[in-house]
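Working notes, beginning with the structure itself.
Chains as they are written, first to last, in the numbering used here: chain A, -18 to 304; chain B, 27 to 359.
Set out below in structure tokens:
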């Protein structure tokens, strides 16, 4: 459904009043495909470029280089009606539910707006349908239709966010950290709802998260990003059970496990994520990598395909096949 | 008196609401922390865990909030009865505190070095404050102490800011460090570093830590003992090992079931039905009753007290049932 090849996004950033501007490469030659009905998780820490990639797929920002195709058609070539229908077929759910809903609109107005503007429904019909959609996301329309976002809890607002996305009858949902701001018990409710809706609507999903547990639970395939580049990709189970890239391994050992009997891992990862303005030469991970060799700082590693008893993987590491 | 550094007894903190008057955000909370112990305070947003910390430090906004009852015994002295001047002497010297978002607690116009040195000056540090500041920065695992001391908060990363904030809290070698969601705003690899740092500091200084978090993974890795809060009340208390192995309060069981981690990911996901009650119009009985599958008439009428069990304590009338295992197991998954 989505095919991206060599996708690059540069941002011009100001360094200060007299110091001119610099180029920040937020996404660096990412290629990915998302097939119909599939859920792909994009994981990484802040600044890894995962949200920028999501925004390019949503059509919110154009790419600097590379090709991005939806059902075989280059996005940049979509114009007029075709572009509008793409924007309605690809919908977003965001992390901050209070910022993504208009505080002056009732829930009903927010949910029925896409029906009116994207599907040309008359207002009355849109209101009736919005009530049905609210019911599908577990909100009683009699109670919630006339409420404003500030009268709702975070979990309820995220349900509204989902309802509004569904109102456009999307085929692809880009969910950018949809449960990160929610409490544990509410998070589980929303994730269950998302899975349920995905099955009912045959949605394709790009799920952006920093939480490996959530990624493992929701997605069949996972892409691990670091400083704008994809470092590892594969079936979720394989990647988490047998990570080939040292960064993936570090992420997994760093994630706290809610089991006191779980042996405390030795954390080898030192230092901070470098600034994307001045990414390290060679492999971007080498300053923090426990396996780093001289070659790592000289040459950027190629992505290698590894196919063994642990499934199919892609990892961008000089030592992927030896680890 | 036991070896408790901090002994909070039946603390009640109320917030004033325009229509409903005084509402209890912290309701009858008792907790104690021994020397060198790391105690977790867990719960979801709005359960009163941060307000408990603010009440201990008396940092809440007045007159919107007030402590309406109870004692906060720090090394035997009731902090609630101290005159403001003496309380100021406890804050920063006896008890250090760190917060979730270091940028809001660091002054953007002061260098990190000045901010780390500030408590030293405020509490009349005997030695050389400058040397101590550099020593603290090194102790926090930060490189190039003299350079970093001259940096401003916006020039360093989030992890470094949190380390600087920990340095200010540890500057006067407090007996107790209160850490309110110290790693929630950080990335996992940085979170791991900060947690490691807190364990090292505990080992070096012997300071007790009250760790407030919503992350059960962090609790499992860090804490010796845990208190679980729900809607302003402590519902369960136990050693970390026992709490994770055999939780006795239905809420704790539900919370553990709904936690998603790399280990539990393959199992099906569980969600506690319903939502946390608001402070207004709180029912008289057990606050978890509306969401609890065990709830009976008694639960809706009477508030269960924390009762000691063979291990730990739980505030539930049905601890016999919960002892037999996970009460949510039969519920729809």
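Ideal Cβ positions, reconstructed from N, Cα and C, are used throughout, including at glycine.
### Task
Would you mind reading off the limits of the beta strand (DSSP E) that contains residue 264 of chain B?
259 to 265
### chain A contacts made by the segment 152 to 173 of chain B, where a contact means CB separation under 8 Å
none
### Own chain partners of residue 226 of chain A with C-beta closer than 6 Å, once the 5 adjacent residues on each side are dropped
212, 213, 296 and 298
### Query
For residue 66 of chain A, is the classification buried or exposed, using 16 other Cβ atoms within 10 angstroms of its Cβ as the cut-off for buried?
exposed
#### Entry: CA nearest to the CA of residue 321 of chain B, picked from B/110, B/347 and B/209
B/347
### Message
Could you tell me the alpha carbon to alpha carbon distance between residue 3 of chain A and residue 215 of chain B, rounded to whole angstroms?
### Response
28 Å
### Task
Tell me where the alpha helix (DSSP H) around residue 218 of chain A begins and ends.
217 to 222
### Message
In chain order, what are the residue ranges of uninterrupted beta strand (DSSP E) at least 3 long that sit wholly in the segment 63 to 113 of chain B?
### Response
64 to 68 and 91 to 100
### Query
Looking at the C-beta of residue 198 of chain A, does it have a partner C-beta in chain B at a distance below 8 Å?
yes
### Message
So that I know if they touch, is there some Cβ in chain A lying closer than 8 Å to that of residue 67 of chain B?
### Response
no
### Message
Do residue 111 of chain B and residue 201 of chain B have their beta-carbon atoms positioned less than 8 Å apart in this structure?
### Response
no
### Task
Measure how close the beta-carbons of residue 338 of chain A and residue -15 of chain A come, nearest whole angstrom, since I'm counting them as under 8 Å.
Outside the shown range of chain A, which is -18 to 304, sits residue 338 of chain A, and nothing can be said about it.
### Task
Please confirm whether any heavy atom of the ligand COA lies closer than 7 Å to the CB of residue 221 of chain A.
With respect to the ligand COA, the structure shown offers nothing to examine, as it has no ligands at all.
#### Entry: residue 1 of chain A in three-state terms, based on DSSP
coil
### Query
Where does residue -10 of chain A fall in DSSP's three states?
strand
### Task
Could you check the C-alpha separation between residue 313 of chain B and residue 53 of chain B for me, to the nearest Å?
11 Å
### Query
If the cut is a Cβ gap below 7 Å, which residues of chain A does residue 183 of chain B touch?
253
### Query
Are the C-beta atoms of residue 250 of chain A and some chain B residue less than 8 Å apart?
yes
### Query
Are the segment 337 to 353 of chain B and the segment 265 to 285 of chain B touching by the rule of at least three beta carbon pairs closer than 8 Å?
yes
### Task
Compute the Euclidean distance between the alpha carbons of residue 103 of chain A and residue 97 of chain A, then round it to the nearest angstrom.
6 Å
### Query
Going by the CB atoms, is the gap between residue 228 of chain B and residue 235 of chain B shorter than 8 Å?
yes
#### Entry: residue 340 of chain B versus residue 154 of chain B - alpha carbon distance
49 Å
### Three-state class that DSSP yields for residue 56 of chain B in the structure shown
strand
### Query
Interface residues of chain A around residue 272 of chain B at Cβ under 8 Å?
Those within 8 Å of residue 272 of chain B in chain A number zero; the least Cβ separation is about 12 Å.
### Task
Give the residues of chain B in contact with residue 231 of chain A, contact being defined as C-beta atoms less than 8 Å apart.
215
### Query
Can you tell me whether DSSP reads residue 341 of chain B as helix, strand or coil?
coil
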